[in-house]
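Chains A and B are the protein sequences, given in the same order. For reference, each letter of the first sequence is one residue, going 1 to 348 in the UniProt record's numbering. For reference, each letter of the second sequence is one residue, going 1 to 348 in the UniProt record's numbering. Beta carbons are placed, not taken as given, at the ideal position from N, Cα and C, and that holds for glycine. Source: prediction; values computed, not measured.
Number of protein chains: 2
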Amino acid sequence: MSSESAEQGASMARAGDGRSPTIYDVAKVAGVSHQTVSRLLKGEGVRPKNRERVLQALEELGYRPNLAARWLATNKSHRVAVLTQEIGQVGPGRILQGVGAEARQAGYLLDIITLDVSDRSAIDEAIGQVNGEDIAGILALASTDEMIAAFAHAEFRVPAFIGAEEDDALGEHPAQRNARGLDQVVDHLVGLGHRRFFQIAGPRTWVAARNRELAYERSLSRYGIASLGTAYGDWSAASGYEAARKIPSELGITAVVAGNDQMALGAILALSSSGLDIPGDVSVTGFDDIPEAAYLCPPLTTVRLDFEEQGRDAFRRLVTQLEGRSSAPGIMTAELVERASSGPARSG
Amino acid sequence: MSSESAEQGASMARAGDGRSPTIYDVAKVAGVSHQTVSRLLKGEGVRPKNRERVLQALEELGYRPNLAARWLATNKSHRVAVLTQEIGQVGPGRILQGVGAEARQAGYLLDIITLDVSDRSAIDEAIGQVNGEDIAGILALASTDEMIAAFAHAEFRVPAFIGAEEDDALGEHPAQRNARGLDQVVDHLVGLGHRRFFQIAGPRTWVAARNRELAYERSLSRYGIASLGTAYGDWSAASGYEAARKIPSELGITAVVAGNDQMALGAILALSSSGLDIPGDVSVTGFDDIPEAAYLCPPLTTVRLDFEEQGRDAFRRLVTQLEGRSSAPGIMTAELVERASSGPARSG
DNA sequence: GACGCAAACGTTACCGCTCACGTTTCGTGC
DNA sequence: GCACGAAACGTGAGCGGTAACGTTTGCGTC
Numbered sequence: 001m002s003s004e005s006a007e008q009g010a011s012m013a014r015a016g017d018g019r020s021p022t023i024y025d026v027a028k029v030a031g032v033s034h035q036t037v038s039r040l041l042k043g044e045g046v047r048p049k050n051r052e053r054v055l056q057a058l059e060e061l062g063y064r065p066n067l068a069a070r071w072l073a074t075n076k077s078h079r080v081a082v083l084t085q086e087i088g089q090v091g092p093g094r095i096l097q098g099v100g101a102e103a104r105q106a107g108y109l110l111d112i113i114t115l116d117v118s119d120r121s122a123i124d125e126a127i128g129q130v131n132g133e134d135i136a137g138i139l140a141l142a143s144t145d146e147m148i149a150a151f152a153h154a155e156f157r158v159p160a161f162i163g164a165e166e167d168d169a170l171g172e173h174p175a176q177r178n179a180r181g182l183d184q185v186v187d188h189l190v191g192l193g194h195r196r197f198f199q200i201a202g203p204r205t206w207v208a209a210r211n212r213e214l215a216y217e218r219s220l221s222r223y224g225i226a227s228l229g230t231a232y233g234d235w236s237a238a239s240g241y242e243a244a245r246k247i248p249s250e251l252g253i254t255a256v257v258a259g260n261d262q263m264a265l266g267a268i269l270a271l272s273s274s275g276l277d278i279p280g281d282v283s284v285t286g287f288d289d290i291p292e293a294a295y296l297c298p299p300l301t302t303v304r305l306d307f308e309e310q311g312r313d314a315f316r317r318l319v320t321q322l323e324g325r326s327s328a329p330g331i332m333t334a335e336l337v338e339r340a341s342s343g344p345a346r347s348g
Numbered sequence: 001m002s003s004e005s006a007e008q009g010a011s012m013a014r015a016g017d018g019r020s021p022t023i024y025d026v027a028k029v030a031g032v033s034h035q036t037v038s039r040l041l042k043g044e045g046v047r048p049k050n051r052e053r054v055l056q057a058l059e060e061l062g063y064r065p066n067l068a069a070r071w072l073a074t075n076k077s078h079r080v081a082v083l084t085q086e087i088g089q090v091g092p093g094r095i096l097q098g099v100g101a102e103a104r105q106a107g108y109l110l111d112i113i114t115l116d117v118s119d120r121s122a123i124d125e126a127i128g129q130v131n132g133e134d135i136a137g138i139l140a141l142a143s144t145d146e147m148i149a150a151f152a153h154a155e156f157r158v159p160a161f162i163g164a165e166e167d168d169a170l171g172e173h174p175a176q177r178n179a180r181g182l183d184q185v186v187d188h189l190v191g192l193g194h195r196r197f198f199q200i201a202g203p204r205t206w207v208a209a210r211n212r213e214l215a216y217e218r219s220l221s222r223y224g225i226a227s228l229g230t231a232y233g234d235w236s237a238a239s240g241y242e243a244a245r246k247i248p249s250e251l252g253i254t255a256v257v258a259g260n261d262q263m264a265l266g267a268i269l270a271l272s273s274s275g276l277d278i279p280g281d282v283s284v285t286g287f288d289d290i291p292e293a294a295y296l297c298p299p300l301t302t303v304r305l306d307f308e309e310q311g312r313d314a315f316r317r318l319v320t321q322l323e324g325r326s327s328a329p330g331i332m333t334a335e336l337v338e339r340a341s342s343g344p345a346r347s348g
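Okay, structure coming up:
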């Protein structure tokens, strides 16, 4: 019996004796009350002498806070519901990866709900479902009109936040920087002599799609060029294919600018099926730089985004909101990647 | 802007008494003890009369269990750590989606850790990190040798489970069914007259890659054909490209079977860059059926897997393990999708 | 040196649930 | 109708934290 108590101090490291140390254990070792330990952990004032002893005890025992107890006591969970587009696509997947990394670092748990972010009733249902649970907040990873409307009307019991591109006004706002990648695309194509442009944009209900569309048009107008047409897809390769098939050949388009890589590759297939050479007859550009982009035939000129950082940033912003602070979005980089799908405009 | 308007303070939806009902509230309304309520919730025996009254009270108050309290009392969290390959690829993303769906349904929370599943030290670090926390279990979503070794050597304080393809013996074991998709690929190609095969396999440290490799060879041998060579990639398009470039032209290969779609598309680029026509000169097949597969040029013949179900199944199996039961893997479907990247063998 | 006032600290009481254990109820066999 | 045992039920304690409040400590002031 007595040997057990002696052993107690030393043997904590391994699971062996069962439970992990509590603040009471730490307090006993440090010779203070559990409240002092709690205070120190919360960052409140503790006298240097005690601070040191507690810190040492903390270290010695390998203390880790018990989330459940804290959650129960404060009635504030560290659980965040994440609403995201189905992760078949690469972008959402990587964003989620960033969210996950940041969440784990901040000690939050994720409740991932994938849905069709353009289906208002699906969103409402998800929000309702989640609203009844003990969650700290809701993070939506796609800003579509439906999502925005649902968020505006829902009665949240917790902070909710749409962590994605924001308004349509294309100012110097850092959140729009990624649409700014389109400036570089247009510069690049105009530099190659292109004057006859066609756009395959993402669905208009997505803010990101509108931002890109706007950026495209504003960039062209800086050169005094008007776009010869815009078709709308749904981000999928299939929709890019359909959109490109319907481009009237009499327009003499030499450059097709797509809102993402999937639509671009669909467009490439459609155009080359109808006998056009890429980039000999038509240049095609994408957006996102999916990993396969460099190995399509031809390799795709596109814009590289840092999805992971986007996810990290979104989560950070939610957390600051949970803690009652507010914050500005981080700066997103967008970088043109020139590959073989774009080339000099066909003369004539 | 849009996000700011969605931001809503903690305005309790249903006002009144504020906090949500506890089992004590329910017990009071039903005129029984809290323990009776608890027992009923756990599915233990309760006399019909009481049962009815409690159920009614439950309904009336809209009771929802407090996860934190339960967790604290049982010392069993409902938190599961998920180790997964970086989700840049589509497969892992969709698997994760399935896991998420199942987890949420079963009331579990996810702690997602993305890492390089072929980096032993990264795995060990992640396991160590997670092992100290209050988690119910660990779920690994990729079975590589490194992962298996790490799991074999780690001292787990909780159940850990690799939810992915299992052994290499290609029996009737349902887990290998998806490698069986390769049988269909081989049947298809042989039916088109191909006799000279080359394989671009995934990394040998992945069990799934080995299963596919084995399935490929066994299928060919059923026709009395020997593979003319195998190159190993790392699942990426880049590695497929490199592998295909190194295929000796004197082999007269007419069919290239790749271990996944990304490597297949890399191979297509390499082969067509060197003047070969796909599928005129060489047929190329993939595996996975990524969403873009149908829109590559040429559209890719491949095998469709149900990733989401794979994720669901993995999580279900972990849960049964958490609960002390054990279970067999579900049946995975694998379905050949014939597209334009495969065609009749060049004669001669 | 006595005093006062914060800051630092300790004590006690919860948060909502489960577990162990003691008490009641009910159906059975004689 | 009784003893009897099992099922059903109630009671109390505790999980590991935080919150509220009372007590001590240390320092500056007179």
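Applying the 10 Å Cβ sphere with the 16-neighbour rule, what's the burial state of residue i?
i	result
isoleucine 331 of chain A	exposed
leucine 251 of chain A	exposed
aspartate 134 of chain B	buried
glutamate 335 of chain B	exposed
glutamine 35 of chain A	exposed
tyrosine 216 of chain B	buried
serine 347 of chain B	exposed
tyrosine 63 of chain B	buried
tyrosine 24 of chain B	exposed
glutamate 213 of chain A	buried
proline 48 of chain A	exposed
glycine 31 of chain B	exposed
serine 273 of chain B	exposed
serine 236 of chain B	buried
Smallest Cα separation from residue i: which of the options?
i	options	result
glycine 280 of chain A	A:Gly266, A:Ala345 and A:Ser236	A:Ala345
threonine 320 of chain A	A:Ile95, A:Arg70 and A:Phe161	A:Phe161
asparagine 75 of chain A	B:Pro291, B:Thr22 and B:Asp277	B:Thr22
alanine 126 of chain B	A:Gln89, A:Ile127, A:Ile123 and A:Arg104	A:Arg104
serine 227 of chain B	B:Ile247, B:Val99, B:Cys297 and B:Gln56	B:Ile247
glycine 128 of chain A	A:Ala142, A:Val158 and A:Ser118	A:Val158
serine 239 of chain B	A:Ser221, A:Asp277, A:Phe307 and A:Ala294	A:Ala294
phenylalanine 307 of chain B	B:Pro299, B:Leu322, B:Asp234 and B:Pro291	B:Pro291
tyrosine 108 of chain B	B:Thr114, B:Leu115 and B:Val99	B:Val99
proline 298 of chain B	B:Trp235, B:Ala231 and B:Val284	B:Val284
alanine 164 of chain B	B:Val117, B:His153, B:Gly43 and B:His188	B:Val117
threonine 333 of chain B	B:Phe287, B:Ala270, B:Val190 and B:Ser326	B:Phe287
lysine 28 of chain A	A:Gln56, A:Ile138 and A:Ile278	A:Gln56
alanine 267 of chain B	A:Leu271, A:Ala106 and A:Leu296	A:Leu296
leucine 265 of chain A	A:Arg94, A:Ile200, A:Gly275 and A:Gly229	A:Ile200
leucine 61 of chain B	B:Asp119, B:Val257, B:Tyr241 and B:Ser20	B:Ser20
Confirm, please, whether the CB-CB distance from residue j to residue i is below 8 angstroms.
i	j	result
alanine 101 of chain B	arginine 317 of chain B	no
threonine 144 of chain B	arginine 196 of chain B	no
leucine 141 of chain A	leucine 220 of chain A	no
valine 80 of chain A	valine 54 of chain A	no
glutamate 146 of chain B	isoleucine 112 of chain B	no
leucine 192 of chain B	glycine 343 of chain B	yes
glycine 259 of chain B	glycine 202 of chain B	yes
From which residue to which residue does the beta strand (DSSP E) around residue i run?
i	result
tyrosine 223 of chain B	Looking at the DSSP string, tyrosine 223 of chain B is not in any beta strand (DSSP E), and its letter there is neither H nor E.
threonine 84 of chain B	79 to 85
aspartate 306 of chain B	Careful: aspartate 306 of chain B lies outside any beta strand (DSSP E) and carries neither H nor E.
aspartate 111 of chain B	109 to 115
phenylalanine 161 of chain A	160 to 162
threonine 285 of chain A	283 to 285
glycine 137 of chain B	137 to 140
What are the boundary residues of the alpha helix (DSSP H) that includes residue i?
i	result
tyrosine 232 of chain B	Careful: tyrosine 232 of chain B lies outside any alpha helix (DSSP H), inside the beta strand (DSSP E) at 230 to 232.
aspartate 187 of chain B	181 to 191
Report task. Note down, in chain order, all residues in the segment 269 to 293 of chain B with a beta-carbon under 7 angstroms from any beta-carbon belonging to chain A. Result -> Those would be Leu269, Ser272, Pro291 and Glu292, in chain order.
Query raised in the report: Which residues, in order along the segment 104 to 123 of chain B, keep a beta-carbon less than 7 angstroms from a beta-carbon of chain A?
Result: Closer than 7 angstroms at the C-beta level to chain A, one finds these residues of the segment 104 to 123 of chain B: Arg104, Leu109, Leu110, Asp111, Ile112, Ile113 and Thr114.
**Report entry** Within 8 angstroms of chain A by C-beta, residues of the segment 230 to 247 of chain B in sequence order
**Finding:** Cβ contacts with chain A: Ser236, Ala237, Ala238, Gly240 and Tyr241.
Query raised in the report: Between the segment 252 to 266 of chain B and chain A, which residues of the former have CB atoms less than 8 angstroms from a CB of the latter, in chain order?
Result: Answer set for the segment 252 to 266 of chain B: Gln262, Leu265 and Gly266.
**Report entry** Contact set between the segment 44 to 68 of chain A and chain B, restricted to residues whose Cβ is under 7 angstroms from the partner
**Finding:** Answer in chain order: Arg64, Asn66, Leu67 and Ala68.
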